[in-house]
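One line per chain: the protein sequences are A and B, in this order.
Residue 73 is where the first sequence starts when you use the numbering used here, and the numbers rise one by one after that.
Residue 73 is where the second sequence starts when you use the numbering used here, and the numbers rise one by one after that.
Following: one structure in structure tokens, then a few remarks.
There are 2 protein chains.
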Amino acid sequence: MNKPKIVILGAGYGGMIVASRLQKSTVAKDAEITLVNRHDYHYQTTWLHEPAAGTMHHDKTRMKIDSVIDTKKVNFIKGDVKEIKKDEKKVVLDEMVLDYDYLVVGLGAIPETFGIPGVKEHAFAIRSVNSVRLIKEHIEYQFASYNKQAADQDGKLTFVIAGAGFTGIEFAGEMTERIPELCEYYDIPREKVRILSIEAAPTALPGFDEELVEYAMNVLESRGVEFKISMPIKEVTADSVILNDDTEIKTNTIVWTTGVRGNPVIEDSGFDSMRGRIKVEKDLRAPGYEDIFVIGDCALIINEETERPYPPTAQIAIQQGAACANNLKALVEGKKEMEQFTPDIKGTVASLGGKEAIGIVGTRKIYGNSASAVKKMIDNRYLFLLGGMPLVIKKGKLKMF
Amino acid sequence: MNKPKIVILGAGYGGMIVASRLQKSTVAKDAEITLVNRHDYHYQTTWLHEPAAGTMHHDKTRMKIDSVIDTKKVNFIKGDVKEIKKDEKKVVLDEMVLDYDYLVVGLGAIPETFGIPGVKEHAFAIRSVNSVRLIKEHIEYQFASYNKQAADQDGKLTFVIAGAGFTGIEFAGEMTERIPELCEYYDIPREKVRILSIEAAPTALPGFDEELVEYAMNVLESRGVEFKISMPIKEVTADSVILNDDTEIKTNTIVWTTGVRGNPVIEDSGFDSMRGRIKVEKDLRAPGYEDIFVIGDCALIINEETERPYPPTAQIAIQQGAACANNLKALVEGKKEMEQFTPDIKGTVASLGGKEAIGIVGTRKIYGNSASAVKKMIDNRYLFLLGGMPLVIKKGKLKMF
């Protein structure tokens, strides 16, 4: 009766798929499975730009973990992971210590600040339900207080988005949808409001098809987004952003979307890592640790065609979750053969707000309405993988056109 | 062709009734009428506790002035009144100077701080559309940031209402409706939130029937309002309220509802006044100025039964507006006989949030559901006086029970 203990850290895209796959398999009987997460809900990180701008209710982006995970088959513990004692096969949580035989690390990421002064203190991040609710309220507060204070108006209605990558562009798109509503609600002329997208790299959406980048920038510029490309940020202060050319932009609101690094628990636990990400073996295990799988934003895998790391995405995390569940099942069954993981990139779509989007599906470029519908299908597909049609109906994006 | 010039300062309850009465009368042809107001909209001050708490959209409490006032008959000027030069018969606005033959002063009130330190700097007031939108957003911001910050939580979810008069009690009632919604939205247990009602006088709702006061306090206490009666406030700081007994209550939110004083323009223009209110003649004219009528919160009238001033209310302002319009008509027609004004107090109802209210109609005490319905009828009656049935349908409180 000595069942092996499987502990899954993090109920993000990866961790949730591992847990939901295992609970449906024989592993649920043959092993003791425990899922640990900071909140008692799971949220879809890639949707968070919408509640951040206020164009979607945050409840739409999350679900109670026990609405998807059967807690008779998978124990759930609400807790903060502090450290992985990999040589003792223990995980230290804020209020307890867990033993494991097999560990899945799906602890997600934190914003990458590149050590730029003031970012940690003064910038917002699109990171969690709590952080995006705060962004939404902060934005509304700028509008609400605008007509109340005669002086010191500089920057109150200037919204700076640092980073024109995926999240930054998608958030800018939502903001262009939201700002006109806020202007009407608070009796403020639209021309008082600025949305700036600032990117250090020589292009918006680095790595994306040029023609699609052009399309996206045109759409957003036509809705009033000002781009500053090839323009690193030097410093963030309480009421401004200082650019590399020493221009100071007055703003009360800077949303930091310049990419992520792996959860600090990785470095704090003494794993070899690059920006908090562990370069995993083909079977998703941490080098040197046959009992530790790493998936999602904490895992680094190399695209063999380009010889560069894949950017961490939900798509890859979900696929890793499935592969990880298969490998755990094999191990519990005493098999040695592991599934070798390679991402299968089906497509990438960025929403631009409203009915606009851009993307690549297979090798085909898509724009506008149809790209927007594909984006929603991608979001719904994840819900389907996780909880079947009932979850799609409950939480899905069902207005396709 | 030398038409007399009538200038109405302020589009509050009083000023709007004057303007709407005059535009329907022969005065619209026989005189040149001008209405001056800071905003291009009129709002119902007595409803503002609802959008302040966030239980009603602020647009429900206001209307574009030109949706009620026919600007072909009454000129409308958006402007701030700076001074009345009563001996030159001129009014100085922020951007122009107006001549008048007859002036109506309906400039409303500002919060009475009693010189208590910190009130001006740190307290909110339920005063205008702009100020209540800010209160609403400020409250939401406290909730939104609560789960984001581990330290310094003291007072973030403590809401202090200074003054348990009409506005304070009505606002407390709305807050008890709103807080559970906010707790749910932001994942915060209800017991983390405090609502305090602090009153310097020996009773809540001073001057109101004792039995009704008891009823109101019971209703609000059962919904979690904590009362501190006979407890003056000594000082307000950026993050606390200090009571007369030197207790310090940590709070980020203090809403000041301890009554009002007349618009400072009254004192600045050299009128004899008590707390910014001019003790008007029976015909509503300022003593010594046959060309100046004063109505609403800037007018002081004495209740001859009690020999004390009537509290300034919308009910009295509306009645004064009608009497003032009659007297202006008489003057334009060259008559000397003026209508003598006495308030006709039909009743007073205070809402307690939701379907609860208390009040007196005639000499009858009313409670609960029926008082709540009467309150809504009172609010609708004003809209009817101002704009007839179409305005009631557009802006009225139509869900009676």
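Glycine residues also receive a C-beta, built at the ideal position from the N, C-alpha and C atoms.
CA-to-CA distance, residue j to residue i, given in whole angstroms
i                    : j                    : result
isoleucine 430(A)    : aspartate 451(A)     : 15 Å
glycine 426(B)       : glutamate 246(B)     : 7 Å
histidine 130(A)     : glutamate 298(B)     : 32 Å
aspartate 416(A)     : glutamine 391(A)     : 8 Å
alanine 474(B)       : valine 352(B)        : Residue coverage of chain B in this structure runs from 73 to 473, which leaves residue 474(B) outside it and unanswerable.
glycine 334(A)       : methionine 346(A)    : 8 Å
lysine 144(B)        : isoleucine 198(A)    : 52 Å
serine 203(B)        : tyrosine 115(B)      : 12 Å
phenylalanine 407(B) : valine 421(B)        : Looking at the sequence shown, residue 407(B) is not phenylalanine but lysine. About 38 Å.
proline 384(B)       : glutamate 320(A)     : 50 Å
arginine 357(B)      : aspartate 226(B)     : 51 Å
cysteine 436(B)      : lysine 132(A)        : Looking at the sequence shown, residue 436(B) is not cysteine but arginine. Straight-line Cα distance between these residues: approximately 49 Å.
valine 433(A)        : threonine 329(A)     : 24 Å
glycine 84(B)        : isoleucine 149(B)    : 14 Å
isoleucine 80(A)     : methionine 88(A)     : 9 Å
threonine 185(A)     : valine 191(A)        : 6 Å
aspartate 340(B)     : phenylalanine 243(A) : 50 Å
phenylalanine 280(A) : alanine 216(A)       : 38 Å
glutamate 167(B)     : histidine 111(B)     : 14 Å
threonine 378(B)     : valine 308(B)        : 34 Å
glutamate 209(A)     : lysine 264(A)        : 19 Å
cysteine 255(B)      : tyrosine 361(B)      : 55 Å
isoleucine 338(B)    : glutamate 160(B)     : 16 Å
Same chain only: Cβ atoms within 8 Å of residue i, ignoring 5 sequence neighbours per side
i                : result
proline 336(A)   : Ile182 and Gly348
threonine 127(A) : Glu246, Glu249, Arg250 and Gly425
leucine 165(B)   : Val108, Ile149, Gly151, Asp152, Val153 and Lys154
aspartate 344(B) : Ile350, Lys351 and Pro359
aspartate 138(A) : Asp112 and Phe148
Test item: CB-CB of residue i and residue j under 8 Å
i                    : j                 : result
isoleucine 241(A)    : alanine 288(A)    : yes
aspartate 369(B)     : glycine 151(B)    : no
alanine 234(A)       : isoleucine 301(A) : no
glycine 237(A)       : leucine 268(A)    : no
phenylalanine 365(A) : leucine 175(A)    : yes
arginine 322(A)      : threonine 230(A)  : For clarity, residue 322(A) is lysine in the given sequence; the question names arginine instead. Yes, the Cβ-Cβ distance between lysine 322(A) and threonine 230(A) is below 8 Å.
leucine 292(A)       : methionine 303(A) : no
isoleucine 156(A)    : serine 92(A)      : no
glycine 86(A)        : isoleucine 350(A) : no
histidine 121(A)     : threonine 275(A)  : no
valine 201(A)        : arginine 262(A)   : no
valine 232(B)        : isoleucine 270(B) : yes
proline 381(A)       : isoleucine 373(A) : yes
glutamate 411(B)     : alanine 386(B)    : no
tyrosine 218(A)      : tyrosine 258(A)   : yes
Cβ neighbours of residue i in the same chain (closer than 6 Å, five flanking residues each side left out)
i                    : result
isoleucine 169(A)    : The question names isoleucine, but residue 169(A) in the sequence shown is valine. Closer than 6 Å at Cβ, skipping near neighbours: Lys162.
isoleucine 207(B)    : Ala124 and Phe196
alanine 397(B)       : Val90, Arg93 and Leu94
phenylalanine 456(B) : Val464
alanine 103(A)       : Lys75, Pro76, Ile78 and Val404
serine 97(A)         : Lys401
valine 146(B)        : Ala91, Gln95, Ile105 and Leu107
glycine 468(A)       : Asn452 and Leu455
Close-in-space but distant-in-sequence residues of the same chain around residue i (CB under 7 Å, 5 per side omitted)
i                 : result
tyrosine 439(B)   : Tyr287 and Ile430
glutamate 283(A)  : Lys437
methionine 461(A) : none
serine 423(A)     : Glu242, Gly245, Ala429, Ser444 and Lys447
Query raised in the report: Any residues in the segment 238 to 262 of chain A with a beta carbon nearer than 9 Å to a beta carbon of chain B? Which ones, in chain order?
Result: Listed in sequence order: Tyr257, Tyr258 and Asp259.
Report task. Ignoring anything shorter than 3 residues or poking outside the segment 196 to 250 of chain B, list the beta strand (DSSP E) runs there in chain order. Result -> Counting only runs of 3+ residues, the beta strand (DSSP E) found wholly inside the segment 196 to 250 of chain B occupies 230 to 234, in chain order.
Query - Every unbroken alpha helix (DSSP H) within the segment 106 to 175 of chain B, with a cutoff of 4 residues, ordered by chain - result: Qualifying alpha helix (DSSP H) stretches, in chain order: 121 to 125.
**Report entry** Whole alpha helix (DSSP H) elements within the segment 379 to 410 of chain B, 4-residue minimum
**Finding:** If we require 4 residues or more, the alpha helix (DSSP H) runs fully inside the segment 379 to 410 of chain B come out as 386 to 404.
**Report entry** Cβ-based contacts, 7 Å cut-off: residues of the segment 457 to 472 of chain B near chain A
**Finding:** Of all residues in the segment 457 to 472 of chain B, none has a Cβ within less than 7 Å of some Cβ in chain A.
Requested in this report: Pull out every residue of the segment 175 to 206 of chain A whose Cβ sits closer than 7 Å to any Cβ of chain B, in chain order.
Outcome: Taking 7 Å as the cut-off between beta carbons, the residues of the segment 175 to 206 of chain A near chain B are Asn202, Ser203, Arg205 and Leu206, in sequence order.
Query raised in the report: Quick one, which residues of the segment 385 to 410 of chain B are near chain A if we go by CB-CB under 7 Å, in chain order?
Result: Per Cβ criterion, the list is empty.
Query raised in the report: What residue ranges within the segment 325 to 376 of chain B form continuous beta strand (DSSP E) runs of no fewer than 3 residues, ordered along the chain?
Result: Those beta strand (DSSP E) runs which fall completely within the segment 325 to 376 of chain B and span 3+ residues are 325 to 328, 332 to 334 and 364 to 366.
Report task. Quick one: which residues of the segment 436 to 450 of chain B get their C-beta closer than 7 Å to a C-beta of chain A? List them in chain order. Result -> Answer set for the segment 436 to 450 of chain B: empty.
**Report entry** Length-filtered (3 minimum) beta strand (DSSP E) runs lying within the segment 255 to 318 of chain A
**Finding:** Correct list: 266 to 270, 297 to 300, 305 to 309 and 312 to 315.
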